[in-house]
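Report on one structure; see the data block that follows.
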């Protein structure tokens with residue numbers, strides 16, 4: 017399984033090309049390619065392998081999209097806006113204008129690892145996003161619950177002997 021981690025800033029050249037980070041390319045298979053579509057949640061561009069996009073499609077079909085308007089809308093927003101991105105022999109892709117416009121990309125593109133996926137951002141917009149995300153995580157933080165101790169019914173003691 018491909019794991020995309022870290023952040024990388026690369027220049028967008030005058031021909032609208034940007035280099036995909038080498039460690040990201042290594043996760044994309046041969047020939048290196050990926051799918052990209054505007055994020056439904058933020059101003060980043062979502063990028064994923066064919067396997068991840070297929071898994072997403074199976075989840076959308078799992079709730080019958082011919083009955084659920086919300087599922088149909090989501091499928092349309094993802095698949096109708098999705099671009100197949102082929103990486104050239106120099107490790108670059110040409111960014112479609114609609115994706116550039118969604119992300120506000122101009123001179124630089126920030127590649128952000130997200131585990132099984134990655135995103136492309138305008139660097140200052142991602143910095144603003146991270147500031148807000150840190151603040152939200154402080155207020156919305158999930159607490160880690162301690163796993164209940166098993167009770168030995170013959171002695172009445174828990175696993176730790178108390």
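In the numbering used here, the protein residues as written are 17 to 178.
Each residue gets a CB set at the ideal place from its N, CA and C atoms; glycine is no exception.
Just so we're clear, the structure is a prediction, and the values are computed from it rather than from any experiment.
query, result
"For the alpha helix (DSSP H) containing residue 89, name the first residue and the last one.", "85-95"
"As a quick exercise: from 143, 132 and 127, pick the residue whose alpha carbon is nearest that of residue 28.", "127"
"Measuring only the C-alpha atoms, how far is residue 101 from residue 46?", "13 Å"
"Classify residue 19 as helix, strand or coil using the three-state DSSP reduction.", "coil"
"Please state if the CB of residue 25 and the CB of residue 107 are separated by a distance shorter than 9 Å.", "no"
"In this structure, does DSSP put residue 123 in helix, strand or coil?", "coil"
"Under the three-state reduction of DSSP, which class applies to residue 59: helix, strand or coil?", "coil"
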